[in-house]
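Position one of the sequence shown corresponds to residue 1 (full-length UniProt numbering), numbered consecutively onward. Cβ coordinates follow ideal geometry from the N, Cα and C atoms, glycine included. Data first, discussion second: the structure below is written as structure tokens.
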Amino acid sequence: GPWPAALQEGDLPYVPNSWPRDLVVGWQWMGTTTLQDEQFDLNVFDEAFIKGLYEGVPTLPEEEELTVEQYEELSGHVRSLYARVTENEKDIAALQKRPAPTPPPAPPAARKFVIVASGDVAGKWFKREGDLLELNPNFPRVAYQKDGHVLRRFTPDRDWNFIIPDERLYTS
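So, in structure tokens, the structure goes:
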């Protein structure tokens, strides 16, 4: 903000003759200074210029003091808000103390399958008939297509020597 400056004759700035003196309203005086890590220019301005900046600016109305009733009402609102904030802080602290939820179990591994081609034998993918039946429990009665639809039903049950082309067999 502005401050009064008592300047001596030697402190006045050099103004080139080509400048109209009435347009020179201020100048930098004593360069830039640093105060609490902030830099400021020390400037000097014509007092009439400074007063002219505030012409036409309405003055703020005088504020009345609060009455005791208004103060008590306002204090009550502040106390209720403070109580709510305190409760929220307690709730947050309680939530932060809770152990982290256990992560959901990993999804089961995708099942791999093969589509039987003409001339294939089950021994190509399975060492024993039990391995085939463990992964394909309905194998003796039903052959499935790639999309899971029934390709063929068997009566009586078939054994692992009888696989048919385009049949889906799970291998894992």
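TODO: Please name the residue in Val44, Ala109 and Val116 whose C-alpha comes closest to that of Lys146.
DONE: Val116
request  = Please state if the CB of Phe45 and the CB of Gly26 are separated by a distance shorter than 8 Å.
outcome  = yes
Quiz item: In whole angstroms, what is the alpha-carbon distance linking Thr67 and His77?
Solution: 15 Å
- Message: Relative to the C-alpha of Ala109, which candidate in Thr171, Gly52 and Asn43 has its C-alpha closest?
- Response: Ranking Thr171, Gly52 and Asn43 by Cα distance to Ala109 puts Thr171 first.
Which complete alpha helix (DSSP H) runs does the stretch 33 to 93 hold, if anything under 4 residues is left out?
47 to 53
How many angstroms separate the CA atom of Ala122 from the CA atom of Pro137?
Those two C-alpha atoms are separated by around 14 Å.
Cβ-based neighbour list, Phe154, same chain, cut-off 6 Å, excluding 5 preceding and 5 following:
Cβ neighbours of Phe154 within its own chain (closer than 6 Å, five residues either side excluded): Arg141.
| query | Under the DSSP definition of a beta bridge, which residues are partnered with Gly26? | reply | Paired residues: Phe45.
Run of the alpha helix (DSSP H) containing Glu167, from where it starts to where it stops:
No alpha helix (DSSP H) holds Glu167; DSSP gives it neither H nor E.
Task: Simplified DSSP state of Gly31, which is helix, strand or coil - done: strand
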